[in-house]
Amino acid sequence: MGLIAGGIAIIFTRTNPLTVYHAILVGAFGSTYNFSETLVAAIPLILISAGLLLAFKMKFWNIGAYGQYIIGAMCSSYIALHVSQQSSSVLVLSLMVLAGLIGGAVWATISALLKLFWEVNEVISTLLLNYIALYILDFFMHGPWRDPASHGFPLSKPFPACAQLPILLHRTRIHLGLVFGVIATIVIYILIKKTRFGYENEVIGENPTAAKYAGINVFRNTLIAAGISGGLAGLAGMAQVSGIIHMIQMEINADYGYTAIIVSWLGALNPIASFFVAIILGGLEAGGYQIQMTMNVPFGIVGVIESSILFALLGGELFKTHKLVLRRKKSHRQIQ
Amino acid sequence: MASSVRSGTILLFPTIGEIFAERSGILNLGIEGMMVIGAFFGFVAGNLTKNPYLGFTVGMLAGGLASLIFAFISITLKGNQIVAGLALTIFGLGITNFYGQKWINTKLAVPAHSVAIPGLANIPVIGPVFFNQDVFVYFSYIVAIAFWVILFRTKSGVYLRAVGENARAADAMGISVDRTRYFWTFVGGLLAGAGGAYLTIVYAPFWLDGITSGRGWIAVALVIFAMWNPLYAIIGAYLFGGINSLQFQLQASGTTIPSSLLSMQPYLLTLIVVIVATFIVRAKHIGAPRELGLPFFREER
């Protein structure tokens, strides 16, 4: 469905959609290196969507992974830019992970508190905080963090080697963030399936009034879910600047924060399913970059395909819970 | 001052549209997507036909068409409205990026010019600000007032509010819930498209990727500020328009305030306004339409 919609969009530009899709597939899975790039794109998606699905399960609509990612990346960059070359790598990276987690969590907690205390709609507050985060980054990149050697470009100094996540596989860009992603997926899975928090979380999502009467602490649970979802988005931002970009700049791929919403929804809010969906959409992103470079097809097609798949899924959910009965209107010529 | 009105008009159209969609119980978070679609297709049509008025109309219709995707998913197929709205936004930004590449930094061929309303334009202070504008601004006044009348003084307004407050009761009264919601969601799309088209045809007559830059979300926030009333939407929209043009004037005057902090203002301010507005709405017990965001299943009891 989504592919057909994307195909229609491509036809209008007088290009063969099958050629484009083939190129995306090759770009995503065609070679070992291409597949490694797919995994590189999947890392932030895995991390962010694992957290988001926890929040979505309790109907806390955190749309702010974009901003939480930026703040997480910034907090960890602060550490990376203020350590000496000779620092212990383990220590620096641990501090950066912590900074990313806390930064993202704090940013998400703002919206959670606004909702809990004053019933401020979290969709709007998380979204507005995205733009605010973006301009905070803009401020730092055009001011304190700009490297004098960057000739006026908003780029920071490169991170020292001790602040860069180690590469897992030689000749690829796959970094330690993938391990973070696997751990996060497992932890969230256990949290949802095996703990009281996970159960309460689900009850709040299904029926907040019942949850309150059952003595569930909605306040605490909302704060935890928001904090974890923001924290993982912040960690994804940290992993991207430390593992891939090796500096902080304006373009740090924060759009993963929006794509991850699609991932968690396509994964039916299940951490294991989301993990694999993240790899597939990671492939779409990696393939999308490829065709932009080689065929000059704008990257926007990726958004068109992703949103169309999401539309199809949302529409299809009705048929899971409701049976479709087609009834013909009675006609006079009906056979007795 | 006059530029505040123009800047506010970009927000006024979609805010009114969303007020009506929400009054019918539909929370369409795809405004940003519909706006950017209206902005792009309106701009292209305005350029191809060399007629800004035709371009504006096409932009409106494009926004309306986009809203029908959302309406089909969320009304007919009862899909989750929040996620469907986000999907619409991602779709709009994606498709305009996809087609917009070759239009980037193109200027609009024929701009729309101001038409002073005889008599009214001569009123001191108010005249030049409100009555020496382009046709689209006048159109927005008409829309705001007409929609207030529809909402509070006509039967269809009562039906509309009934559907948003209690769909089951409305259904029992013989009002078609789905048809009402479809119609007002479509109107919301038309107006979001109008806001976007106004942006690229009058306010900033060129095309840039993602030119709406979050204005759709500000419009969603303004609905709360306006307490779901089209007339309050005017105040909200012009207030934000004023801040926006003040920001540009400050930037142009070479202030020492960093531009990133100035650009942050509208979003920060919107956040503060939403907090305050939510507070007032709660204190006055005039909340959102009761069944906002809930799908209506006729068979369920």
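Listed in order, the protein sequences are those of chains A and B.
Here the first sequence stands for residues 930 to 1265, numbered as in this note's numbering.
Here the second sequence stands for residues 510 to 810, numbered as in this note's numbering.
Note that beta-carbon positions come from the ideal geometry of N, C-alpha and C, so glycine has one too.
Just the C-alpha distance for A/S1237 and A/L1020, rounded to the nearest angstrom, thanks.
44 Å
Same chain only: Cβ atoms within 8 Å of B/R670, ignoring 5 sequence neighbours per side
R532, L660, P798
Cut-off 6 Å between Cβ atoms - residues of its own chain near B/S772, not counting five sequence neighbours on either side:
Counting only Cβ-Cβ distances below 6 Å, and skipping sequence neighbours, we find nothing.
Would you say B/G750 lies against chain A (beta-carbon separation less than 9 Å)?
Chain A contact via Cβ: absent.
Taking CB distances under 9 Å as the criterion, tell me whether A/F1240 reaches chain B.
Using a CB distance cut-off of 9 Å, A/F1240 counts as an interface residue toward chain B.
Nonlocal neighbours in the same chain, by C-beta distance under 6 Å from B/S512, ignoring five residues either side
S754
Is the shortest distance between the beta-carbon of B/M736 and the beta-carbons of chain A less than 9 Å?
no
How many angstroms separate the CA atom of B/V545 from the CA atom of B/F806?
32 Å
Excluding five sequence neighbours on each side, which residues of the same chain lie with their C-beta closer than 6 Å to the C-beta of A/I1121?
G1127
In the DSSP assignment, find the alpha helix (DSSP H) that holds B/V592 and state where it starts and stops.
590 to 609
With 16 other CB atoms within 10 Å as the buried threshold, where does A/H1104 fall?
buried
Would you mind listing the alpha helix (DSSP H) stretches within the stretch 1157 to 1213 of chain A that are 4+ residues and don't spill past its ends, in chain order?
1185 to 1195
So is A/W990 in contact with chain B if we call contact Cβ pairs under 9 Å?
yes
Can you tell which of B/G673, B/V711, B/Q760 has its C-alpha closest to the C-alpha of B/G534?
Among B/G673, B/V711, B/Q760, the Cα nearest to that of B/G534 is on B/G673.
With a threshold of 7 Å on Cβ separation, who are the neighbours of A/I1220 within its own chain once the five nearest residues in sequence on each side are excluded?
V949, A952, I953, G956, V1226
If I measure Cβ to Cβ from B/V619 and keep anything under 8 Å in the same chain, skipping five residues before and after, which residues do I get?
Excluding residues within five positions, the ones whose Cβ falls inside 8 Å are G555, K559, N560, P561.
B/A625 by DSSP, collapsed to three states: which one?
strand
Quick check: is any heavy atom of the ligand HEM less than 8 Å from the C-beta of B/Y712?
The ligand content of the structure shown is nil, which means the ligand HEM is not present either.
For B/E527, does the count of other Cβ atoms within 10 angstroms reach 16, so buried, or fall short, so exposed?
buried
Taking the alpha carbon of A/I1173 as the reference point, which residue from A/T961, A/E966, A/I1133 has its own alpha carbon closest?
A/E966
Does any residue of chain A bring its CB to less than 9 Å from the CB of B/M682?
no
What did DSSP end up calling B/L538 once you bin it into helix, strand or coil?
coil
Say whether chain A places a C-beta atom closer than 9 Å to the C-beta of B/F805.
no
Within this structure, are the beta carbons of B/W716 and B/V553 separated by less than 9 Å?
Yes, they are a contact pair.
Measuring alpha carbon to alpha carbon, tell me which of A/G993, A/T961, A/L1243 ends up nearest A/L1098.
A/T961
Check the Cβ-Cβ distances between A/V1226 and every residue of chain B, and say whether any is below 9 Å.
yes
At which residues does the alpha helix (DSSP H) containing B/A758 begin and terminate?
As written in the sequence, residue 758 of chain B is Gln, which differs from the Ala given in the question. Segment 739 to 761, the alpha helix (DSSP H) holding B/Q758.
Straight-line Cα distance separating A/M987 from B/R677
26 Å
Residues in the stretch 1036 to 1055 of chain A with C-beta within 8 Å of chain B's C-beta atoms, listed in sequence order?
Per Cβ criterion, the list reads L1043, W1047, E1048, V1049, N1050, V1052, I1053, S1054.
Please classify A/Q1221: does DSSP put it in a helix, a strand, or coil?
Three-state DSSP puts A/Q1221 in a helix.
Is it the case that the Cβ atoms of A/F1088 and A/M1176 are separated by a distance below 9 Å?
Against a cut-off of 9 Å, the Cβ pair of A/M1176 and A/F1088 comes out as a contact.
Which listed residue (A/A1034, A/M1070, A/F1109) has its alpha carbon closest to that of A/M1179
A/M1070
Can you give me the Cβ contacts of B/I752 inside the same chain, cut-off strictly under 7 Å, excluding the 5 residues immediately before and after it?
Q774, P775, L778
Taking CB distances under 9 Å as the criterion, tell me whether A/A1139 reaches chain B.
no
Does A/G927 get closer than 9 Å to chain B when you measure Cβ to Cβ?
Residue coverage of chain A in this structure runs from 930 to 1265, which leaves residue 927 of chain A outside it and unanswerable.
Quick one: is A/V1233 near chain B, going by C-beta distance under 9 Å?
yes
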